[in-house]
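Start counting the sequence shown at -17; every next residue gets the next number (the working numbering).
Just so it is clear, CB atoms sit at the ideal spot from N, CA and C, and this is done for glycine as well.
Worksheet: the structure to be examined is printed underneath.
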Amino acid sequence: MSERTRRVALSGLLTAMMVVLGYFDSVIQLPIPVPGIKLGLANSVLLYAVYMLPAGQTLLLMALKVLVTGFLFGNPQVMLYSFAGGLLSVLAMLLCRRAKGLSAVGASVAGAAFHNVGQVLVAAWQLDLPELFTFYLPVLLLVGILTGVLTGTVAQMVMKYLRRAPRAR
């Protein structure tokens, strides 16, 4: 199998995994009375991509996840929020990947925080409500730290396992 074919197949597999996890994320209701809070399960797959694939391919995966989940489970409005959050999240995680001494868990927390910032930017702009940064963003950031640790830990364990696993030929 050529390298190009392998990359396309891997991208398809990772996109499908993110879509399935994104669906689970949308149906799991957390016992927190704050709208918009999710576990971010698909971010564990995206974090894997940040550490294992080129940056361009990772950004493409994020865009594919936003488009596919938006068309299947959302609407253009949801896609706008998801794209803003996803773009900032991936960029933050890519920067963290380059930082010395920062684990995938740290990158995941940064990604979760910047995902929240991106979504609040869109909401504040659409609603003309800059106060969202004062009263809503801090709550999202707190939960983002917790969910970032969770998804980062999962991704770090999976990456450790996959690095030791024999490659399928």
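From Pro15, Val104, Leu119 and Leu(-4), residue whose alpha carbon lies closest to that of Asn25
Start at 1 with the first residue of the sequence shown, and residue 25 comes out as number 43. Per the Cα distances, Leu(-4).
- Task: Measure the CB-CB distance between Ala66 and Gln101 and report whether it falls below 8 Å.
- Result: Translated into positions along the sequence shown, residue 66 becomes position 84. Translated into positions along the sequence shown, residue 101 becomes position 119. Against a cut-off of 8 Å, the Cβ pair of Gln101 and Ala66 comes out as a contact.
Is it the case that the region 67 to 84 contacts the region 107 to 121, given that we only count it when at least three CB pairs across the two stretches are under 8 Å? no
inquiry  = Just to check my reading of the structure: Gly52 and Met61 have Cβ atoms closer than 8 Å, yes? What is that Cβ distance to the nearest angstrom?
reply    = Residue mapping note: residue 52 aligns to position 70 of the sequence shown, counting from 1. Residue mapping note: residue 61 aligns to position 79 of the sequence shown, counting from 1. Right, their Cβ atoms sit about 3 Å apart.
_Just to confirm, is the Cβ distance from Gly22 to Asp7 under 8 Å?_
Taking the sequence shown and counting its residues from 1, the one referred to as residue 22 is at position 40. Taking the sequence shown and counting its residues from 1, the one referred to as residue 7 is at position 25. Result yes, Cβ atoms of Gly22 and Asp7 sit closer than 8 Å.
- Straight-line Cα distance separating Val140 from His97: As a working mapping, residue 97 is identified with position 115 in the sequence shown. As a working mapping, residue 140 is identified with position 158 in the sequence shown. Taking the straight line joining both Cα atoms gives about 22 Å.
- Residue from Ala95, Phe55, Tyr63 and Val48 whose Cα sits closest to the Cα of Ser71: What you label residue 71 is simply residue 89 of the sequence shown in a count that begins at 1. When only C-alpha atoms are compared, the closest one is Ala95.
Review point. Given a threshold of 16 other Cβ atoms within 10 Å of its Cβ, counted over all protein chains shown, does Leu12 qualify as buried or as exposed?
Key: Locating residue 12 in the sequence shown gives position 30, counting from the first residue. Its Cβ having fewer than 16 others within 10 Å, Leu12 is exposed.
Count the other C-beta atoms from every protein chain shown that fall within 10 angstroms of the C-beta of Leu3, then say buried if there are 16 or more, exposed otherwise.
-> Within the sequence shown, the letter at position 21 stands for residue 3. Buried is the call here.
Residue environment, Gly152, which counts as buried when at least 16 other CB atoms sit within 10 Å | Outside the displayed span of the chain (-17 to 151) sits residue 152, for which this structure offers no information.
Problem - Contact belief for Thr135 with Val87 at Cβ below 8 Å, rounded distance in angstroms - result: Taking the first residue of the sequence shown as position 1, residue 135 is located at position 153. Taking the first residue of the sequence shown as position 1, residue 87 is located at position 105. Indeed they touch by this definition, with Cβ atoms about 6 Å apart.
- request: Please specify which runs of the beta strand (DSSP E), each continuous and at least 3 residues long, are wholly inside the region -7 to 25, giving them in chain order.
  value: none
For Tyr63, the three-state DSSP class (helix, strand or coil) = As a working mapping, residue 63 is identified with position 81 in the sequence shown. Looking at Tyr63 - three-state DSSP - the assignment turns out to be helix.
- To the nearest angstrom, how far is it from the Cα of Pro15 to the Cα of Ser90? For the purposes of this step, residue 15 is identified with residue 33 of the sequence shown, where counting begins at 1. For the purposes of this step, residue 90 is identified with residue 108 of the sequence shown, where counting begins at 1. Each residue's alpha carbon lies about 24 Å from the other.
Quick check on Leu54: buried or exposed, where buried means 16 or more other Cβ atoms within 10 Å of its Cβ?
One-based indexing of the sequence shown puts residue 54 at position 72. Answer is exposed; the Cβ neighbour count stays below 16.
Check for me: the alpha helix (DSSP H) holding Leu41 runs from which residue to which? Position 59 of the sequence shown holds residue 41. Looking at the DSSP string, the run of the alpha helix (DSSP H) that includes Leu41 is Ala37 to Phe55.
Notebook entry, point to check: Helix, strand or coil: how does DSSP classify Ser85 here?
Noted result: Taking the sequence shown and counting its residues from 1, one reaches residue 85 at position 103. Residue state, collapsed to three classes: coil.
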